[in-house]
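Structure, as structure tokens:
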Amino acid sequence: MRITLSYTMLTGRIERQLDSEAELVVALRELGGAGASDFSVNLIDAPSAQPAAAPPQLPPPVRQIDPSSQSISLVDARRPDRPIIYVNRGFEFLTGYSRDECMGRNCRFLQGPDTDRSTVDRIRHASHHGEELIVDLLNYRKNGTTFWNRLSLQPVRNATGELTHIIGIQSDITHMLALQETMVEWAMDLGRGSGKGDA
Ligand SMILES: Cc1cc2nc3c(=O)[nH]c(=O)nc-3n(C[C@H](O)[C@H](O)[C@H](O)COP(=O)(O)O)c2cc1C
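Residue 100 in my numbering sits at position 100 of the sequence shown, with consecutive numbering throughout.
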């Protein structure tokens, strides 16, 4: 996979080739602080016809994360209604929406009738003020099924402190919450001394 990141600096328009989403996230953080603006992200999934050059070695903790197992979204904080300018394969896999279906839209299309409105209010507040936030909320896939999304928001600012982008990491925690619920019931049974399910 090749990612082309274009942006404008005082010296003019610059284009950079990146090899992974982890590199993209790091580059955006650095460039936001260095005064870059007008970002655009272009992703080419097709394998290169050329034999690939040895990829740069990422720090071990970053290498251990398979980017497609994590859902990543990037929104432009300076455009009206914060449109998505990038999602990865993990986002497509988790939500059932293709990248093309997501581009230019606000992420709220993942919400539905049972999404808690007070949680959405917290996200809106954090996103408008450029604050970090981690929340759990019920989201809807394209096929109508629901999942619990642990959403982590990370703001990116430029050298003047202006909020330029927000990175969103979505994690499906549905199974973890179900397991937690079962464990709580089991522990409460133990606490009552019933010992149900105890071998
Ligand atoms: C980077 C980013 C990622 C987001 N990802 C999600 C998401 O996965 N699911 C969701 O329900 N809302 C997500 N949101 C929240 C919505 O885009 C929106 O901010 C929220 O609905 C509050 O605004 P509203 O009241 O105008 O809808 C995300 C927001 C940002 C900035």
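Cβ atoms here follow ideal geometry from the backbone N, Cα and C, with glycine treated the same way.
Computed from a predicted model, the values in this text were never measured in an experiment.
Beta-carbon proximity of Arg82 to Ser127, cut-off 8 angstroms: Walking along the sequence shown from the start, residue 82 turns up at place 82. Walking along the sequence shown from the start, residue 127 turns up at place 127. It is a contact, given that the beta carbons lie within the stated cut-off.
Sub-8 angstroms separation of Val41 and Ile14 beta-carbons: One-based indexing of the sequence shown puts residue 41 at position 41. One-based indexing of the sequence shown puts residue 14 at position 14. No. Outside cutoff.
Separation of Ala27 from Arg141, as counted between CA atoms: In the sequence shown, the residue the question calls residue 141 occupies position 141. In the sequence shown, the residue the question calls residue 27 occupies position 27. Going by the C-alpha atoms only, they are around 30 angstroms apart.
Sequence-distant residues of its chain with Cβ nearer than 6 angstroms to Thr146 (five each side left out): Translated into the one-based positions of the sequence shown, residue 146 becomes position 146. Only Leu138 and Tyr140 meet the Cβ criterion.
Neighbourhood of Gly130 by C-beta, 6 angstroms cutoff - its chain only, sequence neighbours within 5 removed: Numbered from its first residue, the sequence shown carries residue 130 at position 130. Hits under 6 angstroms: Pro155 and Leu163.
Helix, strand or coil at Thr217 [DSSP, three-state]: Residue 217 is absent from the structure shown; the chain starts at 1 and stops at 199.
One or two residues paired with His165 in a DSSP bridge: What you label residue 165 is simply residue 165 of the sequence shown in a count that begins at 1. Beta bridge pairing from DSSP links His165 with Asp76 and Val156.
Alpha helix (DSSP H) segment containing Gly90, residue limits: As a working mapping, residue 90 is identified with position 90 in the sequence shown. Note, Gly90: alpha helix (DSSP H), Arg89 to Thr95.
Buried/exposed call for Val184, threshold 16 Cβ in 10 Å: For the purposes of this step, residue 184 is identified with residue 184 of the sequence shown, where counting begins at 1. Per the 10 Å Cβ criterion, exposed.
Proximal residues to Leu18 (C-beta, below 7 angstroms), its chain only, five neighbours per side dropped: Here residue 18 refers to the residue found at position 18 of the sequence shown. Within the same chain, and ignoring the five residues on either side of Leu18 in sequence, the residues whose Cβ sits closer than 7 angstroms to its Cβ are Ile3, Leu5, Leu24 and Ala27.
For Ser40, three-class secondary structure by DSSP: Here residue 40 is taken as the residue at index 40 of the sequence shown, counted from 1. Residue state, collapsed to three classes: strand.
N- and C-terminal bounds of the alpha helix (DSSP H) containing Arg122: If you number the sequence shown from 1, residue 122 lands on position 122. First-last of the alpha helix (DSSP H) with Arg122: Arg117 to His129.
Gly161 versus Glu30, Ala22 and Gly12, residue with shortest Cα-Cα distance: Residue numbering aside, residue 161 sits at position 161 when the sequence shown is read from its first letter. The candidate whose alpha carbon is nearest that of Gly161 is Glu30.
Residue interval of the beta strand (DSSP E) (run including Arg108): On the sequence shown, position 108 is the one that residue 108 refers to. First-last for Arg108: undefined, no H or E at that position.
Arg16 Cβ short of 7 angstroms to ligand 1 heavy atom set: Working through the sequence shown from its first residue, we reach residue 16 at position 16. Shortest gap from the CB of Arg16 to any heavy atom of ligand 1: 7 angstroms or more.
Neighbourhood of Ala36 by C-beta, 6 angstroms cutoff - its chain only, sequence neighbours within 5 removed: Taking the sequence shown and counting its residues from 1, the one referred to as residue 36 is at position 36. Counting only Cβ-Cβ distances below 6 angstroms, and skipping sequence neighbours, we find Tyr7 and Met9.
Chain-order list of residues whose beta-carbon lies under 8 angstroms from that of Ile166 (same chain, five-residue window excluded): Residue numbering aside, residue 166 sits at position 166 when the sequence shown is read from its first letter. Annotation for Ile166: Leu74, Val75, Ala77, Arg82, Ser127, Gly130, Leu153, Gln154, Pro155 and Val156 place their beta carbon closer than 8 angstroms to its own, counting only its chain and skipping 5 residues before and after.
Simplified DSSP assignment, three categories, for Met188: By one-based count along the sequence shown, residue 188 stands at place 188. Helix, per DSSP.
Strand pairing of Gln17, partner residues [DSSP]: Start at 1 with the first residue of the sequence shown, and residue 17 comes out as number 17. Gln17 pairs with Thr4.
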